[in-house]
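First residue of the sequence shown? That's 342 in this note's numbering, and the numbers climb one at a time after it.
Using N, Cα and C, we set each Cβ at its ideal position, and we do this for glycine too.
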Amino acid sequence: MGKEQPTTPHLLKRAFNPTDLNTRWVGDITYIRSHQGWSYLATVMDLANREIVGYAMSKTPDAKLAKKALTNAIAKHQPNTKGLMFHSDQGVQYNAKLFKETLHGHKMIQSMSRRGNCWDNAVQERFFRNLKTEYLNDQTFINHQSVVAAVERYIGFYNYKRLNSAIDYLTPAQKRQELLKVA
């Protein structure tokens with residue numbers, strides 16, 4: 342029998358509505374099919390305003406992909422990462438040494454969903470559902486580049502034009518501005 346890996350605690354505890362930006366980020370990876378195979382999308386969402394603050398795409402769903410999405414989010418928003426919680430499922434990408442060292446290097450706190458419990462990362466899962474049902478499912482993609490272009494268009498739409506009932510029917514960009522005024 343293999344030795345059970347120690348689990349990262351479920352610290353988020355479904356507290357999906359923080360009042361401050363850059364306190365709780367969630368991430369996950371999904372897959373999108375093209376005629377040339379699968380493309381993988383890793384995203385990072387700020388729960389305070391539901392904005393996709395970082396993402397990355399690859400032809401391989403590995404820890405490098407998860408790390409790239411996280412480092413893109415940090416580079417774009419330049420938050421004080423000390424104590425910023427990053428929550429994900431227990432995927433191998435988020436359990437990988439490379440990813441854990443990246444979080445540790447930025448003094449971030451790691452939280453993971455309980456095994457087999459998708460509701461612990463429901464907000465991120467909902468984003469992927471919306472991406473696929475609202476935009477991707479009715480399209481055919483020739484190759485990886487066409488998937489990347491479509492995902493970029495949707496994330497722009499999602500962050501700047503799509504109203505979200507969880508944030509008072511504002512867009513994530515509008516909610517960010519509202520929260521920055523209060524801060």
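The beta carbon of residue 500 lies closer than 8 Å to those of 392, 393, 512, 513, 514 in the same chain, with the five residues before and after it left out. By the criterion of at least three beta-carbon pairs nearer than 8 Å, the stretch 477–485 is in contact with the stretch 361–380. About 7 Å separates the beta carbons of residue 353 and residue 461, which is inside the 8 Å limit, making them a contact pair. Between residue 367 and residue 428, the C-beta spacing is below 7 Å. The C-beta of residue 372 has fewer than 16 other C-beta atoms within 10 Å across all chains shown, which makes the residue exposed.
Per DSSP, residue 480 is not a residue of any beta strand (DSSP E), being assigned neither H nor E. Comparing alpha-carbon positions, the option among 438, 418, 454, 488 lying closest to residue 405 turns out to be 438. Where residue 364 is concerned, there is no enclosing beta strand (DSSP E), because DSSP gives it neither an H nor an E. If you check the CB distance, residue 407 and residue 395 do not come in under 7 Å. In the DSSP annotation of this structure, the continuous segment of the alpha helix (DSSP H) that includes residue 468 starts and ends at 463–472. Residue pairing of residue 427 in beta bridges, as defined by DSSP: 366, 451.
Contact between residue 476 and residue 495 holds: CB atoms are separated by about 5 Å, below the 8 Å threshold.
When rounded, the separation of the alpha-carbon atoms in residue 413 and residue 489 is 15 Å. Bridge partners of residue 475 according to DSSP: none are assigned. Remark: C-beta atoms of residue 388 and residue 420 do not approach each other more closely than 7 Å.
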